[in-house]
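Enquirer:
Protein chains: 2
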Amino acid sequence: MDTFWKSRWAGREALFKASEIRDILRIVDRPEVISFAGGLPAPELFPVEEFRAACERTLAAHGDIALQYGTVEGYVPLREMIARHVSRLGIEVGLDNVLITSGTQQSLDLIGRLFLDDGDVVVCEEPTYLGAIQAWRPYGPRFVTLPVDEDGTRIEQLEDMLRQNSPKFLYLMPNFQNPAGVTLSELRRQRVVELAARYQVPIVEDDPNVQLRFGGEHLTPLYVLDADRRPPGGPQARGDQAHVLYLGTFSKLLAPGLRVGWVVGPKSVIAELVLAKQGVDMHTGTLTQVLAHEVGRNGFLDRHVGALCRVYRERRDAMLQALEVGMPAGVRWTHPDGGLFLWLTFPERIDAESLLPRALERGVAYVPGATFHVAGGGSNTARLNFSHSDPERIRAGVERLGRVVEEALAGAGPRVL
Amino acid sequence: MDTFWKSRWAGREALFKASEIRDILRIVDRPEVISFAGGLPAPELFPVEEFRAACERTLAAHGDIALQYGTVEGYVPLREMIARHVSRLGIEVGLDNVLITSGTQQSLDLIGRLFLDDGDVVVCEEPTYLGAIQAWRPYGPRFVTLPVDEDGTRIEQLEDMLRQNSPKFLYLMPNFQNPAGVTLSELRRQRVVELAARYQVPIVEDDPNVQLRFGGEHLTPLYVLDADRRPPGGPQARGDQAHVLYLGTFSKLLAPGLRVGWVVGPKSVIAELVLAKQGVDMHTGTLTQVLAHEVGRNGFLDRHVGALCRVYRERRDAMLQALEVGMPAGVRWTHPDGGLFLWLTFPERIDAESLLPRALERGVAYVPGATFHVAGGGSNTARLNFSHSDPERIRAGVERLGRVVEEALAGAGPRVL
């Protein structure tokens, strides 16, 4: 084996880790497997015609801008659109509070790059978003975790954690969390913001799917609860006093293949993220930014989100019903009010990772939940995606999975798999 | 001033540095200033119509792929196209030797992320490409530099440097170097590859403009000279034995607003860069990759490059002639065989940075050369871009600059500015 290159890796190389999801996605790229493993939006709902028309208009009107270098901060009309977009959630900010990124994965990396030294503490949920762990692990932080239940992050231990660890920040996905599909309750949101303020800990609020709600009531973003604690002022002034970074993306609203996301935060933080971003990719592709703006403006986003919610609600309902019918006793699952995922908890003696090869044999895939547990545990859990398959495939897939679980439970021994 | 956020920056934040070029580009965004400061391709040559048609075809035929998540490695037909593209330069590789990145800036960052620990040595040219410094500085390396003359990097000190410093890698831009516009001679290329092999030092060969040659003969890439030292085999086998990473981009060939580049190297290195990339932006935008492939295939790239070379040659010639006419005695400049830039050296008592405000007053801009000197020096040098202005503006701009320099030289004192 050639050691010429290997002997030259940096120390952090040991912290790069292949995504199990990615390996699984490769396996399940076969039509006979019904995959609940991906996090893919439904491609049949992509606004292809709108993108085609936007390309046509954009390249005719200002191809010279769309194909040229742009500024690191992003395309100004798009940043203005994002500022208007988040203002409807109560997030009042000016242009200088918005940075366009190459998707949330980059938002997370830039935040790690700006904040994390070796040994720093990050408080996150357990299970939590795998992309955040992958982004931050190479910077060497220690992850301290809070468990999750049907009301989102459990916060009983939060105060102790903030006091004992002086974390660099608290990372939360309050709406339809990936992977667990749960939503942080209003009461807990209030408490989280109070405690973060008391212990002066910043919050990174990752909110990719806030608009993909198809049950329950909209709940106030942590960003807004934090802002309400501060003196009034214009959007820019309020934005600059925030102790929350608010992350969004077009991946689920328009199309993940764009790779366009955003960070909203105080001007002083945005300016630093801009310096970091300049070194990592100069700026996000101009053409995709111009297209995202052209497709998204004039109310199209709202109409499109309405259509997505109708379809995803139907699919979630199909999955919940199929689980009722097909899962043996002792299996529990979450009931998401939105988003793309729900979370299965099997009886403890089932190991979801060992079960996966059998499930694949039977033509159904999921992501074992241990993957999302940064501090270990969760071996009897799994993430199921309901956005990517139609109700018929969802019913067939859940039925297959139910049989696999049943057989496993019927096996001998305390931990058969 | 709010210390809430500032007190939380990571140590590397001190290594983020604003690009002077970027600040200058902002200043000169006024029509009355003739700017030789940017690195912009000529927008009037962008293949806008080809992109429009490619959008139309692509979205009609496979919008579901173009707008969906993709693999980290990149869109397979595009990777195949790049493998064919570089094979014409003598670089024989297979699909697994090609990684699509979000532009060369990302290629450089990923290389830094994979190789550089605090205190590691990187050998580079002086002056060198600013983007590389910005990408790598946050990883804390020490830069050791080789001066540049009309035949490219001067290599008298190279052997001592390689022996004494055990550098992680040697970074070179052999063709029409940014900023100096010079090309590494065939003889020196041979010697560089020999020495790198003797001291077992990898080479990062940054070659964005190899096809934008409009004078002299094509010279063999370092990658190929290195490969020729190894036993023969299929493309993949040869690619996997390489001690050179070869970087390319569509920025100057098609459009910089795409942000699509590539790294060609051994499978073992590409696999590590894939892990790194997964954490920083998941993958490069699918739509732009699909479009780059659609526009670039079927020989369009070659036809387009022909057109670019005709126009850029005319502009380079206009600048060289204008410099002959307009520059006072004692000013020297390079004579590039391609690319976008040439390099001015003023008499020593001229400080190009102090001169810039006066030049801007007179309506002409350049980038002071000190910016590109990572180890200091170069205060009497400047980079001029000739690709972005037509011959008439080039003549007018050089005339303005000539007058500013003349006045400065006529001023009193040993170092007037």
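Those sequence lines, one after another, are chains C and Z.
Residue numbers for the first sequence follow the numbering used here, so the first one is 725 and each next one is one higher.
Residue numbers for the second sequence follow the numbering used here, so the first one is 725 and each next one is one higher.
For each residue, glycine too, the CB sits at the ideal point set by N, CA and C.
Here the structure is a predicted model, which is why all the values come from computation and not from measurement.
#1: Mind pulling the beta strand (DSSP E) runs of 3 or more residues that sit fully within the stretch 847 to 918 of chain C?
#2: Could you name the residues of chain Z that C/Ser826 contacts, counting a contact when the two beta carbons are closer than 7 Å?
#3: From Z/Gln1002, Z/Gly963, Z/Leu911, pick the residue whose C-alpha is nearest to that of Z/Lys991; which is it?
#4: Please report the straight-line C-alpha distance between C/Gly1101 and C/Ala1094, rounded to a whole angstrom.
#5: Is Z/Pro755 close to chain C? Criterion is C-beta to C-beta, closer than 8 Å.
#6: Leaving out the 5 sequence neighbours to the left and right, which residues in its chain are closer than 6 Å to Z/Val968 when beta-carbon positions are compared?
#7: If the criterion is Cβ atoms closer than 8 Å, does the pair C/Ala979 and Z/Leu769 meet it?
#8: Mind checking if C/Gln935 is an interface residue toward chain Z, Cβ cutoff 8 Å exclusive?
#9: What beta strand (DSSP E) runs, 3 residues minimum, are completely inside the stretch 969 to 1056 of chain C?
#10: Over what stretch of residues does the beta strand (DSSP E) that includes Z/Val928 continue unbroken?
#11: The beta strand (DSSP E) spanning C/Phe1065 covers which residue range?
#12: If the cut is a Cβ gap below 7 Å, which residues of chain Z does C/Ala742 touch?
#13: Measuring only the C-alpha atoms, how far is C/Val1128 from C/Glu1038?
#14: Indicate whether the contact test is met: 3 or more Cβ pairs, each with one atom in the stretch 1025 to 1035 of chain Z and one in the stretch 1002 to 1009 of chain Z, closer than 8 Å.
#15: What does a CB cutoff of less than 6 Å around Z/Ile806 pick up in its chain, not counting 5 residues either side in sequence?
#16: Out of Z/Arg1056, Z/Val1014, Z/Ile1074, which one is the CA nearest neighbour of Z/Cys779?
#17: If you compare alpha carbons, which of Z/Val796, Z/Tyr793, Z/Leu813, Z/Val817 is closest to Z/Glu804?
#18: By the 9 Å beta-carbon criterion, what residues does the stretch 964 to 976 of chain C contribute toward chain Z?
#19: If distances are taken between C-alpha atoms only, which option among Z/Val845, Z/Leu819, Z/Arg915, Z/Gly794 comes closest to Z/Val988?
#20: Would C/Ala983 pass as an interface residue toward chain Z - the criterion being a Cβ-Cβ separation below 8 Å?
#21: How is C/Leu1141 classed by DSSP in three states: helix, strand or coil?
#22: Closer than 8 Å, CB to CB, is Z/Gly794 near chain C or not?
#23: Quick one: does Z/Ser1113 have its CB under 8 Å from some CB of chain C?
#24: List the residues of chain Z whose Cβ lies closer than 9 Å to the Cβ of C/Thr1010, in chain order.
#25: Pull out every residue of the stretch 759 to 776 of chain Z whose Cβ sits closer than 9 Å to any Cβ of chain C, in chain order.
#26: Note the first and the last residue of the continuous alpha helix (DSSP H) segment covering C/Arg1082.
#27: From Z/Ser890 to C/Ala734, what does the alpha carbon distance come to, in whole angstroms?
#28: Of the residues Z/Glu1130, Z/Gly1135, Z/Glu1131, Z/Arg1124, which one's Cα is nearest the Cα of Z/Glu756?
#29: Per DSSP, which residues does Z/Leu764 bridge with? Please list them.
#30: Quick check: is the beta carbon of Z/Gly1054 nearer than 8 Å to any beta carbon in chain C?
#31: With 16 as the cutoff for other CB atoms within 10 Å, does C/Arg754 come out buried or exposed?
#32: Look at the alpha carbon of Z/Gly1135 and the alpha carbon of Z/Ile1074, and state the distance between them as a whole number of angstroms.
#33: Please report the straight-line C-alpha distance between Z/Leu838 and C/Arg781, rounded to a whole angstrom.
#34: Mind listing the chain C neighbours of Z/Lys892? Cutoff is C-beta to C-beta under 8 Å, in chain order.
#35: For Z/Tyr737, return the contacting residues in chain C, with the cut-off set at a CB-CB distance below 7 Å.
#36: Whole angstroms is fine: what's the gap from C/Met1051's alpha carbon to Z/His1017's?
Expert: Inspection of the coordinates gives the following:
#1: DSSP runs (the beta strand (DSSP E)) wholly in the stretch 847 to 918 of chain C: 866 to 873, 893 to 896.
#2: C/Ser826 reaches chain Z at Ser826, Asp1005, counting residues in chain order whose Cβ is nearer than 7 Å.
#3: Minimum Cα distance to Z/Lys991 is reached at Z/Gly963.
#4: CA-to-CA, the gap between C/Gly1101 and C/Ala1094 works out to about 6 Å.
#5: So no, Z/Pro755 is outside the interface.
#6: Closer than 6 Å at Cβ, skipping near neighbours: Ile927, Glu929, Leu946, Tyr947, Asp950.
#7: Z/Leu769 is positioned such that its CB atom lies no closer than 8 Å to that of C/Ala979.
#8: It does not: the Cβ of C/Gln935 has no partner Cβ on chain Z nearer than 8 Å.
#9: The qualifying runs are 985 to 988.
#10: From DSSP, the beta strand (DSSP E) with Z/Val928 extends over 927 to 930.
#11: C/Phe1065 -> beta strand (DSSP E) spans 1065 to 1069.
#12: The answer, in chain order, is Leu999.
#13: Approximately 25 Å, taken between the alpha carbons.
#14: Contact fails: fewer than three Cβ-Cβ distances are below 8 Å.
#15: Result list for Z/Ile806: Val822, Trp986, in chain order.
#16: Ranking the options by Cα distance to Z/Cys779, first place goes to Z/Val1014.
#17: If we check each option's Cα against that of Z/Glu804, Z/Val817 comes out closest.
#18: Result list: Asp964, Gln965, His967, Ser975.
#19: Nearest C-alpha to Z/Val988: Z/Leu819.
#20: Reading off the sequence, residue 983 of chain C comes out as Arg, not Ala. Yes, its Cβ sits closer than 8 Å to a Cβ of chain Z.
#21: Note on C/Leu1141: pLDDT 46, under 50, position unreliable in the model; no value is reported.
#22: So, interface residue.
#23: Interface with chain C (8 Å Cβ-Cβ cutoff): Z/Ser1113 is excluded.
#24: Those within 9 Å of C/Thr1010 in chain Z are Ala979, Pro980, Gly981, Leu982, Arg983.
#25: Taking 9 Å as the Cβ-Cβ cut-off against chain C, the residues of the stretch 759 to 776 of chain Z that qualify are Gly762, Gly763, Leu764, Pro765, Pro767, Glu768, Phe770, Pro771, Val772, Glu773, Phe775, Arg776.
#26: Where C/Arg1082 is concerned, the enclosing alpha helix (DSSP H) stretches over 1076 to 1085.
#27: Their backbone Cα atoms lie some 14 Å apart in a straight line.
#28: With distances taken between Cα atoms, Z/Glu756 lies closest to Z/Arg1124.
#29: Paired residues: none, contrary to the question.
#30: Taking 8 Å as the CB threshold, Z/Gly1054 stays off the interface with chain C.
#31: Exposed, by the Cβ-count rule.
#32: The alpha-carbon atoms of Z/Gly1135 and Z/Ile1074 are separated by roughly 10 Å.
#33: Approximately 41 Å, taken between the alpha carbons.
#34: Among the residues of chain C, those whose CB is under 8 Å from the CB of Z/Lys892 are Arg732, following chain order.
#35: Note that residue 737 of chain Z corresponds to Glu in the displayed sequence, not to Tyr. The answer, in chain order, is Leu838, Glu996.
#36: In a straight line, the C-alpha of C/Met1051 is about 46 Å away from that of Z/His1017.
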